[in-house]
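Enquirer: Below is a structure I'd like to ask you about.
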Amino acid sequence: MDAQPARMLLIHGSIVILSGLLSGIPFWAAVIRGRDDGAIRSWRVAHTTLIACGLVMLAIGLISPRLALSEGLRSFMVWMFVASGYGFVFALVVGAGTGYRALTPTPAGVNTLLFMGHLIGAVGSILGMCVVLYGLLQSK
Numbered sequence: 013m014d015a016q017p018a019r020m021l022l023i024h025g026s027i028v029i030l031s032g033l034l035s036g037i038p039f040w041a042a043v044i045r046g047r048d049d050g051a052i053r054s055w056r057v058a059h060t061t062l063i064a065c066g067l068v069m070l071a072i073g074l075i076s077p078r079l080a081l082s083e084g085l086r087s088f089m090v091w092m093f094v095a096s097g098y099g100f101v102f103a104l105v106v107g108a109g110t111g112y113r114a115l116t117p118t119p120a121g122v123n124t125l126l127f128m129g130h131l132i133g134a135v136g137s138i139l140g141m142c143v144v145l146y147g148l149l150q151s152k
């Protein structure tokens with residue numbers, strides 16, 4: 013079995029975790045400087061969510077060799093998680109830095125781009141986890 017898909021998840025999961033850890037710096041700065049609750053919340057969400065997302069990618073990378081998946085499904089799963097991780101990195105970090113929450117695609121502009129990042133993150137993680145569950149159910 014090719015170890016490359018697992019390695020990809022481990023590498024990109026580590027990068028997502030690093031992004032989450034680094035977003036702890038502006039989170040800390042927002043608390044120390046007494047910024048408004050919205051700014052503090054945005055950085056806290058970026059910090060914790062990105063670390064959690066990266067940890068999920070690491071966990072899936074570690075169990076991926078045990079999943080009963082075709083090479084095509086395995087590749088699809090990896091790229092769904094990678095896209096999800098980077099979609100969330102983009103949306104959460106840029107959103108916290110600009111003050112946009114991007115819960116809807118309007119108003120157009122930066123908000124729409126951030127909404128797309130959240131959408132890619134959510135859809136990618138859901139589809140990736142569906143493939144993981146399928147692979148677990150098919151394994152012996």
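Throughout, the numbering used here is defined as the position within the sequence shown, counted from one, plus 12.
Note that the Cβ used here is the ideal one computed from N, Cα and C, for glycine as well.
In this text, all values refer to a predicted model and were calculated from it rather than measured experimentally.
(1) Taking the CB atoms as reference points, tell me whether Gly107 and Leu131 lie closer together than 9 Å.
(2) In this structure, how does DSSP classify Pro17 when only helix, strand and coil are distinguished?
(3) What are the start and end residues of each continuous alpha helix (DSSP H) run of 4 or more residues lying completely inside the segment 32 to 103, in chain order?
(4) Whose CA, out of Ala41, Arg86, Val135, lies closest to the CA of Leu21?
(5) Please look up how many angstroms separate the CB atoms of Gly147 and Gly97, rounded, as I've assumed it's under 8 Å.
(6) Can you tell me which of the three DSSP states Ala108 falls into?
(7) Measure the beta-carbon distance from Val43 to Ile37 and round it to whole angstroms, keeping in mind my assumption that it falls under 8 Å.
(8) On a Cα-Cα basis, can you pick out the residue from Val94, Ala103, Phe100 that is closest to Gly140?
(9) Tell me which residues share the same chain as Gly133 and place their Cβ nearer than 6 Å to its Cβ, disregarding the 5 neighbours each side in the sequence.
(10) Going straight from the alpha carbon of Trp153 to that of Pro119, what length do you get?
(11) So what does DSSP say about Thr116, is it helix, strand or coil?
Expert: In short:
(1) no
(2) helix
(3) 36 to 44, 49 to 75
(4) Arg86
(5) Not a contact, Cβ separation roughly 19 Å.
(6) helix
(7) At roughly 11 Å, the Cβ-Cβ gap does not stay under 8 Å, so Val43 and Ile37 are not in contact.
(8) Val94
(9) Ser96, Gly99, Phe100
(10) This structure gives no information on residue 153, because the portion of the chain shown stretches from 13 to 152.
(11) coil
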